[in-house]
Structures are given as C-alpha cells and as structure tokens.
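Chain order of the listed sequences is D and U. In terms of the working numbering, the first sequence has 128 at position 66, counting the first letter as 1, and numbering is strictly consecutive. In terms of the working numbering, the second sequence has 244 at position 182, counting the first letter as 1, and numbering is strictly consecutive.
Protein chains: 2
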Amino acid sequence: MEEIKVFCPATIANVSCGFDVLGLALDAVGDEMTVRKTAKKGIAITKIMGQDLPLETAKNVSGVAGMALLEKSGYQGGFEIEIDKKIKPGSGIGSSAASSAGAVWAMNELLGKPFSNLELVKFAMQGEKLASDVAHADNVAPAIYGGFTLVRSYDPLDVISIPTPSELFATVIHPQIEIKTSDSRKILKTNITLEKGIQQWGNVGGLIAGLFKNDYDLIGRSLEDHIVEPIRSILIPGFDHVKSSAMGVGALGCGISGSGPSIFALSKGENVAQRVAESMKEVYGTIGIPFDIHISKINTEGVKRIA
Amino acid sequence: MEEIKVFCPATIANVSCGFDVLGLALDAVGDEMTVRKTAKKGIAITKIMGQDLPLETAKNVSGVAGMALLEKSGYQGGFEIEIDKKIKPGSGIGSSAASSAGAVWAMNELLGKPFSNLELVKFAMQGEKLASDVAHADNVAPAIYGGFTLVRSYDPLDVISIPTPSELFATVIHPQIEIKTSDSRKILKTNITLEKGIQQWGNVGGLIAGLFKNDYDLIGRSLEDHIVEPIRSILIPGFDHVKSSAMGVGALGCGISGSGPSIFALSKGENVAQRVAESMKEVYGTIGIPFDIHISKINTEGVKRIA
Numbered sequence: 063m064e065e066i067k068v069f070c071p072a073t074i075a076n077v078s079c080g081f082d083v084l085g086l087a088l089d090a091v092g093d094e095m096t097v098r099k100t101a102k103k104g105i106a107i108t109k110i111m112g113q114d115l116p117l118e119t120a121k122n123v124s125g126v127a128g129m130a131l132l133e134k135s136g137y138q139g140g141f142e143i144e145i146d147k148k149i150k151p152g153s154g155i156g157s158s159a160a161s162s163a164g165a166v167w168a169m170n171e172l173l174g175k176p177f178s179n180l181e182l183v184k185f186a187m188q189g190e191k192l193a194s195d196v197a198h199a200d201n202v203a204p205a206i207y208g209g210f211t212l213v214r215s216y217d218p219l220d221v222i223s224i225p226t227p228s229e230l231f232a233t234v235i236h237p238q239i240e241i242k243t244s245d246s247r248k249i250l251k252t253n254i255t256l257e258k259g260i261q262q263w264g265n266v267g268g269l270i271a272g273l274f275k276n277d278y279d280l281i282g283r284s285l286e287d288h289i290v291e292p293i294r295s296i297l298i299p300g301f302d303h304v305k306s307s308a309m310g311v312g313a314l315g316c317g318i319s320g321s322g323p324s325i326f327a328l329s330k331g332e333n334v335a336q337r338v339a340e341s342m343k344e345v346y347g348t349i350g351i352p353f354d355i356h357i358s359k360i361n362t363e364g365v366k367r368i369a
Numbered sequence: 063m064e065e066i067k068v069f070c071p072a073t074i075a076n077v078s079c080g081f082d083v084l085g086l087a088l089d090a091v092g093d094e095m096t097v098r099k100t101a102k103k104g105i106a107i108t109k110i111m112g113q114d115l116p117l118e119t120a121k122n123v124s125g126v127a128g129m130a131l132l133e134k135s136g137y138q139g140g141f142e143i144e145i146d147k148k149i150k151p152g153s154g155i156g157s158s159a160a161s162s163a164g165a166v167w168a169m170n171e172l173l174g175k176p177f178s179n180l181e182l183v184k185f186a187m188q189g190e191k192l193a194s195d196v197a198h199a200d201n202v203a204p205a206i207y208g209g210f211t212l213v214r215s216y217d218p219l220d221v222i223s224i225p226t227p228s229e230l231f232a233t234v235i236h237p238q239i240e241i242k243t244s245d246s247r248k249i250l251k252t253n254i255t256l257e258k259g260i261q262q263w264g265n266v267g268g269l270i271a272g273l274f275k276n277d278y279d280l281i282g283r284s285l286e287d288h289i290v291e292p293i294r295s296i297l298i299p300g301f302d303h304v305k306s307s308a309m310g311v312g313a314l315g316c317g318i319s320g321s322g323p324s325i326f327a328l329s330k331g332e333n334v335a336q337r338v339a340e341s342m343k344e345v346y347g348t349i350g351i352p353f354d355i356h357i358s359k360i361n362t363e364g365v366k367r368i369a
C-alpha cells in the first residue's frame with residue numbers, strides 16, 4: 063500500500079468525572095487525511111483544506127507526531143500528508159488529537175503495522191504537546207483505540223479500552239467563542255480537597271462500572287464533576303442553562319468537552335440525543351452565540367481507513 | 063423462622079487506590095452471630111464470646127445498627143443477639159462492620175426480607191458511626207453485598223457490586239499493635255494535589271476495569287495509592303518491608319487494610335497467596351511483633367446463613 067485515506071474522529075476528553083484520564087471517540091465528526099509514502103525523507107504537509115493551519119512540518123501537529131513515528135520506524139523514505147480539516151481548532155473536541163492520531167495511524171498502516179496502538183498514542187502525544195504544551199493522551203487514546211478509553215497512568219503510559227454500550231449517543235454543541243487549552247488549564251487549582259477527590263474517584267469507578275454493565279442509569283449518576291467543571295464552566299457563557307436544558311429533556315449527563323468551549327451530553331438512544339440537541343440549540347439561539355452542533359454514536363473503531 | 067445463625071465476613075476497605083469507596087469481603091475470617099426473635103421490644107445482646115465488648119445495646123455496634131432497622135421495620139417484638147467475635151476489634155479488617163452487617167442482615171431474614179441490601183447498608187452504617195464517629199460504608203457494603211463493592215456516592219448512598227475474578231485471593235496479616243480508626247483519619251491531610259487525585263482516579267478506573275475484565279495484571283498495576291498509604295503506613299512498623307516482600311514473591315498488589323494496622327495483599331491463585339503469607343510472616347517474625355494471618359478467597363456472598 064502506497065497511499066491511504068483515513069477518517070480521524072473527534073473526541074471528548076475528561077467525560078465529566080474523568081479529568082485527564084477518560085475520553086471517547088465520535089462517529090459523526092472528524093477530519094479526513096490522505097497519507098502517501100514518498101521516496102524523499104521526512105514529512106511534507108502538502109495541502110490543508112478547511113482551516114488555516116501551518117504547512118511547516120515542525121509547526122503542524124500531524125507533522126510532529128508523524129516525525130516521532132518516522133524516527134522510530136527505521137523507514138528510509140518519508141510521507142506526504144493532505145488534511146481535510148473538518149474539526150475546528152480550539153473547539154474542545156480534539157482537533158489536534160484527530161490530526162496527530164490520524165497521521166500516525168495512517169503511517170503505521172502504510173509501513174505494515176510495526177507499532178502497537180499504545181506506541182501510536184505515544185507518537186500522537188507529541189502532536190498534543192505542540193498544540194497545548196502538555197503531552198496529554200486523553201484525546202489521542204480514544205482517537206486511536208476507539209470507544210471509551212482510560213489513561214490509567216502516564217508513567218508508564220497505560221491505556222485501557224472500556225466497552226461502549228450500544229445505545230449511547232453523544233450530543234456536542236460548540237459555541238463559537240475561543241478558549242485556549244493552555245488558558246483553561248491555568249485557571250485550575252493545583253490542590254483539591256480530599257473530600258472532592260473521593261467523590262471524583264467514586265464517580266470514575268461508577269462510570270467505568272456502568273459502561274461494563276450497560277447500566278445507563280449508573281452512567282448518568284456517575285457523570286458528575288465537582289472539581290473542574292465548576293471552575294472551567296465560568297469561561298463558557300450559557301453553560302449552566304445548556305446543562306439544565308439537556309438534563310431536562312432526558313440526557314444521562316452533560317459537561318464540558320475537554321477544556322471547552324464545546325459542551326457534550328450523553329443520552330440513551332438517538333431520539334433523546336436529538337431532543338438534547340434541540341434544547342441546546344435553543345439556549346444559544348436565545349443568547350445569540352453562533353454554534354455548531356453534532357449528534358453522534360460513539361465511534362468504537364477509532365481512526366479508520368476510508369479509501 | 064425464629065432464629066438464624068450467620069457468618070459475618072471480615073472486609074478490606076479502601077483496597078489501595080479506592081480510599082473511602084472500595085471494599086471487598088473475605089471468606090476465611092468472620093464473626094458468627096445467632097439472632098432470634100423475642101416478644102420483648104428492643105434488642106438484647108445476651109452473650110459475646112471471644113472479645114470483651116459491651117453488652118449494652120446503645121454501646122454495641124450490632125445493637126445500634128439493629129435498632130436502626132427495628133425502628134424502621136414496624137415490627138412490634140425484638141431480637142436477642144449472641145456474638146462469637148472472631149475478628150479482633152481494631153485490626154483494620156472490618157470488625158465493627160461485620161457485627162453491624164451481620165445483625166441487620168440476620169434480622170432482615172427473620173422479618174421476611176422487607177429491606178433491600180442498600181437499606182441494610184444504611185442501618186449498618188449507624189454501627190460504624192458508633193465505632194469510629196464516621197458512618198462510613200466501605201466495610202459494611204462488601205460485608206452485605208459480598209465481593210467487591212464501590213460506594214459511588216454517600217449522598218445519596220449508591221453502592222455498586224463489582225464482579226470478582228475467580229482466582230483472586232487475599233492474604234491479610236494483622237500485626238498486634240493498636241491504631242484507632244479515628245486517629246488514623248486525623249493524620250490525613252484535608253487537601254491533596256490535583257496531580258495525585260488524577261493518579262488515584264486513574265487507578266480506581268483501572269482496578270474496576272481489571273475486575274470486570276478478569277485482567278489480573280491490570281488489577282495489579284492499579285493497586286497503587288499515592289495519597290493515603292504514604293501517610294498511614296508510618297503508623298505500621300515494618301509496612302514497607304512487608305510490602306516489598308509480598309511483591310517480591312508475586313503478589314499483584316499490597317496495601318493497608320482499611321485504616322490499618324492489618325496489611326493485605328491480593329494474588330492470583332492460592333499458591334501465590336500462600337507464598338505471600340510466608341513472606342509476611344517472616345518479616346514480623348524478624349521484627350518480633352506477634353501477628354495473626356489469614357489467606358482467603360474473596361467472599362462473593364457477603365453475610366450468609368450457617369444454621
């Protein structure tokens with residue numbers, strides 16, 4: 063195989079209680095990338111559609127992630143990358159992760175799969191480091207593994223696949239305001255009370271158990287975040303209203319996607335997810351902030367070949 | 063049924079990463095209680111064998127827990143309780159929880175099971191409150207439900223049963239030193255770093271996932287506690303040595319049982335649990351502290367009828 067076209071899913075990191083450890087992949091929104099082998103060493107980003115992003119390898123997350131893989135691979139040639147960037151950077155649904163994960167996954171396919179998913183996550187984390195100064199894995203892990211993932215530990219990196227109940231749907235609304243990931247990290251407190259920590263790890267345990275048991279009600283009860291959401295939600299106009307509206311029409315839970323400004327809700331069944339979308343739209347329609355909105359099944363495959 | 067004799071299992075609370083939320087029940091060690099219906103109102107503790115504990119209802123955990131049930135039940139009679147107390151109070155393996163859980167479970171049977179397991183946990187928590195000033199549920203929940211339990215939330219109380227891999231064995235050593243639960247809570251810090259919180263909820267998620275997946279290696283990797291163990295272990299002479307010895311002979315993980323001083327290890331298979339026991343004995347033999355030691359399968363039933 064000399065060329066491959068892949069779908070690179072958007073992802074929701076944190077998933078309320080799981081700050082820095084949990085993430086899930088979406089089906090209905092993602093980038094498309096075409097990656098081809100070249101005789102020339104190194105990585106050339108030849109075309110980016112949809113967004114104004116740097117073509118220079120060292121300044122593009124897919125270039126940096128790809129170079130991390132290329133250096134380890136022993137491959138003497140290089141790659142060209144074309145990106146159809148459908149996820150808006152800064153939206154909080156893993157835009158940089160999709161490009162990073164897609165690049166390394168596609169290259170791995172073209173090289174005959176020398177690397178494991180865990181190694182691909184490590185390469186893709188280099189792209190995340192470029193994007194936000196922190197080599198976090200909570201978006202790239204679900205982008206590569208698909209479904210829900212738990213980053214149990216960073217040192218050593220330990221990524222656990224968690225099963226996805228089949229009727230689980232996500233609704234994600236992206237109000238068009240800008241929040242930088244690095245800014246939204248800075249406002250977090252470096253200390254938390256032990257009491258809130260206990261609540262949080264109780265909820266993480268509950269969410270993981272709910273996903274294994276297909277217990278939608280338990281999933282809903284566990285989608286709480288008493289640590290990060292109360293702080294970060296201040297940066298998102300209308301957050302409380304969106305959340306109460308979504309919960310009012312039957313969402314299992316609702317929270318900030320990654321570092322925001324996107325807000326996600328999880329629902330049992332597409333009909334509920336659709337009602338949640340309508341309720342969210344109405345809030346931002348009233349406030350007068352433009353938005354994108356997505357309704358999506360959970361993507362259980364991660365990055366996948368489309369051509 | 064007018065009389066019932068029950069086995070009331072010892073329990074391990076916290077299980078390393080799951081401070082205040084996780085617990086498991088043991089098979090090889092527990093109290094035995096005989097509970098019988100009486101025409102006389104109230105609860106009379108008629109006999110306690112094995113330990114010098116108060117017979118007065120209001121001062122005995124089984125009396126207090128039983129009274130909580132009795133008041134809600136509408137039953138016009140009362141109960142007599144005899145306790146064969148095989149778990150040493152203050153050992154850190156849920157001595158008070160066993161008596162509290164056993165009493166309310168037995169009474170519920172005698173009354174024709176009007177109460178759910180969750181309600182029984184709430185009654186038994188009143189016994190815990192008497193014992194340690196805190197109405198914690200992380201011992202009484204596994205004592206009543208059996209297996210591993212997660213107390214996801216206290217308000218409202220939410221107890222989740224977690225499956226138990228069949229080859230999982232616990233080794234518990236109880237060095238004969240006294241630590242009061244209330245003292246071992248006081249030395250904990252009320253704040254933790256967000257960073258340690260993230261590690262902890264990553265590990266709780268990993269442990270729950272490992273238990274569902276029967277992934278012993280993941281269970282082992284997740285049995286870490288960077289928050290409570292470093293502080294509480296100072297109160298337990300030989301802790302680091304016991305832990306390193308247990309890990310050296312193949313334990314999946316090792317930590318403080320509840321608030322100590324007992325130390326537990328989990329192993330895959332009885333043979334490893336036996337080797338772990340030998341390694342632990344050797345440490346306390348050398349230090350010269352007397353000890354009890356137990357090797358036990360995980361008890362998946364909780365309190366059970368034995369006559």
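Ideal placement from N, C-alpha and C gives every residue a C-beta, glycine not left out.
Residues of chain U with CB under 9 Å from residue i, in chain order?
i	result
Thr252/D	Thr255, Leu256, Glu257
Going along chain D, which residues have a C-beta under 9 Å from residue i?
i	result
Asn265/U	Arg214, Ser215, Trp263
Which chain D residues sit within Cβ distance under 7 Å of residue i?
i	result
Ile241/U	Correct list: empty, because the minimum Cβ distance to chain D is about 19 Å.
Ala271/U	Leu212, Ile222, Ile224, Ile270
Phe274/U	Phe274
Anything in chain U within Cβ reach of residue i, meaning under 8 Å, just list it in chain order.
i	result
Arg283/D	Arg214, Ser215, Asp220
Asp195/D	In chain order: nothing, as chain U lies at least about 16 Å away.
CB residue i to CB residue j, shorter than 8 Å?
i	j	result
Thr100/D	Gly140/D	yes
Ala159/D	Ala205/D	yes
Asn122/U	Gly156/U	no
Ile235/U	Met342/U	yes
Ile270/U	Leu212/U	yes
Gly85/D	Ala197/D	no
Pro323/D	Ile239/D	yes
Val304/D	Ile325/D	yes
Asp93/D	Ile143/D	no
Gln188/D	Lys147/D	no
Leu378/D	Ile360/D	Outside the shown range of chain D, which is 63 to 369, sits residue 378/D, and nothing can be said about it.
Val266/U	Gly80/U	yes
Ala186/U	Leu328/U	no
Ala87/D	Gly209/D	yes
Val338/D	Trp167/D	no
The beta strand (DSSP E) with residue i in it runs from where to where?
i	result
Asn253/D	253 to 255
Pro71/U	65 to 75
Ile145/U	140 to 146
Ile110/D	104 to 111
Gly92/U	84 to 100
Ser358/U	353 to 359
Ends of the alpha helix (DSSP H) at residue i?
i	result
Phe301/U	301 to 310
Met342/U	332 to 349
Leu132/U	123 to 135
Leu314/D	Unbroken run through Leu314/D: none, as it is neither H nor E.
Asp279/U	278 to 284
Glu291/D	291 to 294
Does residue i pass the burial test, meaning 16 or more other C-beta atoms within 10 Å, or should it be called exposed?
i	result
Glu340/D	exposed
Arg367/D	exposed
Ser319/U	buried
Glu344/D	exposed
Asp279/U	exposed
Ala335/D	buried
Ala72/D	buried
Asp287/D	buried
Thr96/D	buried
Gly315/U	buried
Asp82/D	buried
Gly268/D	buried
Glu291/D	buried
Would you verify that the beta carbon of residue i is, or is not, closer than 8 Å to some beta carbon of chain A?
i	result
Leu280/U	The chain labelled as chain A is not found among the protein chains of the depicted structure, namely D and U.
What does residue i touch in chain U if you count any residue whose Cβ is under 7 Å from its own?
i	result
Asp82/D	Ile260
Phe326/D	Neighbours of Phe326/D on chain U: none; closest Cβ ~19 Å, over 7 Å.
_To test your reading of the DSSP string, which unbroken beta strand (DSSP E) runs of 3 or more residues are found completely within the stretch 169 to 232 of chain D?_
210 to 216, 219 to 224
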